[in-house]
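One structure below.
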Amino acid sequence: MDFHAAVEGFGLGASLIVAIGAQNALVLRQGLLRSHVGPVVAFCAVSDAVLILAGALGLGALIQAVPSLLLVVTFGGAAFLLWYGIAAARRALRPGALLPTEEPAKPLKALLLTLAGVTLLNPHVYLDTVILLGSISARYTGEGRMAFVIGAMLSSLTWFSVLGYGARLLRPVFRSPRAWRILDVIIALVMWSIALGLGAEGFRVLVRAGQVGAAG
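Heads up, the sequence shown is in this note's numbering, so the first residue is 632 and it goes up one at a time.
Below is the structure:
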């Protein structure tokens, strides 16, 4: 295996995934709750692995050739994150609520559907994971490309495992309802800021398309 390509894939994958975002916020919350951590980590890692492999196989070129697909995902993602932010804000403002650790665990199916929305309705997943990683992997051939892809996949698996299972170290901080409310406020603000950014990005694309159409 091409060790240099694997290290580059791991490093680039880490630089793209280690950031405050909707998916990471959800994994962190489940880690703090110690609820369905294994399936959550596995879902995120497998989703990333599939997208990384798709990028290496050329899906990025298709996305770039049909920009309307990315536009649909952009507005869909903005709406989904806006809704999820509202749900987090309602949890934060709910008076007399139980600690989340004392509430019944969210059904796994509903949780995975939420994760799927957070993951697949994020256009930056396609821009970063599929297009960017895919284009960089194209510099390699044969075993080198496979090593790059495996390195990027291992980066994703490592990060989500550390985030999901390492969150338990913060549990002493989250023994009071106040700490959970603060976390939910932060999650809501993160979701809304990403949603607003996606909405603005989508409208800019529409405006540019209209200008090009008018000029033509």
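For glycine and all other residues, C-beta sits at the position ideal for the given N, C-alpha and C.
Small disclaimer: the values here were computed from a predicted structure and weren't measured.
With contacts defined as CB atoms closer than 8 Å, L829 and V756 fail to qualify as a contacting pair. In the structure shown, Y796 adopts helical secondary structure according to DSSP, grouped into three states. Counting other Cβ atoms within 10 Å of its Cβ, H667 reaches 16 or more and is therefore classed as buried. The beta carbon of G716 sits closer than 7 Å to the beta carbons of A819, M822, W823 and A826 from its chain, once the five residues preceding and following it are set aside; these are given in chain order. D679: member of the alpha helix (DSSP H) spanning V668 to A687, first to last residue. Of the residues assessed, T760 falls on the buried side of the cut-off, its CB having 16 or more other CB atoms within 10 angstroms. With respect to the C-alpha of L744, the residue from Q654, R839 and A637 having the closest C-alpha is Q654. It is roughly 8 Å from the alpha-carbon of G640 to the alpha-carbon of S786.
Under the criterion of beta carbons closer than 8 Å, L663 and R802 qualify as touching, at roughly 6 Å. For G652, there is no enclosing alpha helix (DSSP H), as DSSP marks it with neither H nor E.
Only exposed fits S807, as fewer than 16 other CB atoms lie within 10 angstroms of its CB. Excluding its 5 nearest sequence neighbours in each direction, Y771 has C-beta neighbours in its own chain below 6 Å: A636 and F779, listed in chain order. The beta-carbon separation of A645 and W790, rounded to 7 Å, stays under the 8 Å limit for a contact. Residues D815, I818 and A819 of the same chain have their beta carbon placed closer than 6 Å to that of A719, with the five preceding and five following residues left out of the count.
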